[in-house]
DNA sequence: TGAACATATGAATAATTGTTCATATGATAA
DNA sequence: TTATCATATGAACAATTATTCATATGTTCA
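Residue numbers (the numbering used here), protein chains in the order written: chain A, 1 to 109; chain B, 1001 to 1109.
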């Protein structure tokens, strides 16, 4: 395992941010790197939706959506609000939109 | 396969962008979703570097770096400039920085 | 031309991950 | 409580992917 940011600098003299941050960044983008999760986030763009409604909209099984919502929730990208039997999920903050927007701009130049 | 954006709207009445765009977005973020590629992009943040220099900086084999550079190049995130035997890679545009910055902000809130 | 260096490529392996199926948990209403 | 609806979870399978090793391509210099 390479260790950057160590006492002795690399030959290039270039500094790197802490490995942990780079790892976290990779993990975060990994969450965005799946079409199903992107579609879920897009679905929640306009407002909260229940798990059932999302699975119907995307034409996928409920467990598949639940698994992905769990991943999104662990990354603090969505949150859930319980109302009786159903749970409504929504984007947890504006970062989701700005990250997707940044990617969108790259694609459309 | 679910088809959104079709003639008959979903029951929720919610519209989705073209599937192809969502796919492209997922593919783009997938490229950012790997620690090695993130580290390469960070290394190039300050300026161009040769393949050899990158592999030394990251403590990884040259073929491993070449494979990842190919992925980054295919996504138009880096580009190469040949000078004699060596090829210097650099970030191809500012989008790389803005995407990483957007992710960074989410992590550090 | 041939040797040496830098980078790219292909095949194989190992690890990660998304989906499905079956089932469990939790909440509501009768 | 029992039945029903909504969601979560766990195991298994299939598919994707990052890395390594060996080798090929391409460039420079003698």
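Even glycine gets a Cβ: it sits at the ideal position worked out from N, Cα and C.
Mapping the DSSP letters down to three states, classify residue 55 of chain A as helix, strand or coil. If DSSP states are grouped into helix, strand and coil, residue 55 of chain A belongs with the helices.
Interface residues of chain B around residue 88 of chain A at Cβ under 7 Å? Near residue 88 of chain A there are no residues of chain B at all, since even the closest Cβ is about 13 Å away, more than 7 Å.
What does residue 81 of chain A reach in chain B if we use C-beta pairs closer than 8 Å? Neighbours of residue 81 of chain A on chain B: none; closest Cβ ~17 Å, over 8 Å.
Give the secondary structure of residue 91 of chain A by DSSP, where H, G and I count as helix, E and B as strand, and everything else as coil. Here residue 91 of chain A sits in strand by DSSP.
Within 10 Å of its beta-carbon, does residue 24 of chain A have 16 or more other beta-carbons around it, so buried, or fewer, so exposed? Residue 24 of chain A is buried by the Cβ-count criterion.
Kindly list, in the order they appear in chain B, the residues whose Cβ is closer than 9 Å to that of residue 35 of chain A. Neighbours of residue 35 of chain A on chain B, chain order: 1019, 1022, 1023, 1025, 1026 and 1027.
With DSSP as the reference, label residue 61 of chain A as helix, strand or coil. It is coil, neither helix nor strand.
Hey, residue 51 of chain A and residue 89 of chain A: beta-carbon distance below 8 Å or not? Yes, the Cβ-Cβ distance between residue 51 of chain A and residue 89 of chain A is below 8 Å.
Contacts around residue 1080 of chain B, its chain only, beta-carbon distance under 6 Å, and the 5 residues preceding and following it disregarded: The residues are 1087 and 1089.
If you draw a straight line from the C-alpha of residue 1094 of chain B to the C-alpha of residue 65 of chain A, how long is it? Straight-line Cα distance between these residues: approximately 34 Å.
Can you name the start and end residues of the alpha helix (DSSP H) that residue 1043 of chain B belongs to? That run of the alpha helix (DSSP H) goes 1035 to 1044.
Name, going along the chain, the residues of the region 1038 to 1050 of chain B whose beta-carbon falls closer than 8 Å to a beta-carbon of chain A. Those residues of the region 1038 to 1050 of chain B that come within reach of chain A (Cβ to Cβ, closer than 8 Å) are 1038, 1039, 1042, 1043, 1046 and 1049.
Anything in chain A within Cβ reach of residue 1106 of chain B, meaning under 9 Å, just list it in chain order. Near residue 1106 of chain B (Cβ distances below 9 Å), the residues of chain A are 28, 75, 76, 77, 93, 95, 96, 98 and 99.
By how many angstroms is the C-alpha of residue 1021 of chain B removed from the C-alpha of residue 1099 of chain B? Between residue 1099 of chain B and residue 1021 of chain B, the C-alpha separation is close to 17 Å.
At what residues does the beta strand (DSSP E) containing residue 119 of chain A begin and finish? The question about residue 119 of chain A has no answer here: the residues shown for chain A are numbered 1 through 109.
Going by beta-carbon coordinates alone, are residue 1072 of chain B and residue 1038 of chain B separated by less than 8 Å? For residue 1072 of chain B and residue 1038 of chain B, no; Cβs fall outside 8 Å.
Round the Cβ separation of residue 78 of chain A and residue 91 of chain A to the nearest angstrom and send it over; I've been treating them as touching at under 8 Å. Sure, about 6 Å apart at Cβ, within 8 Å.
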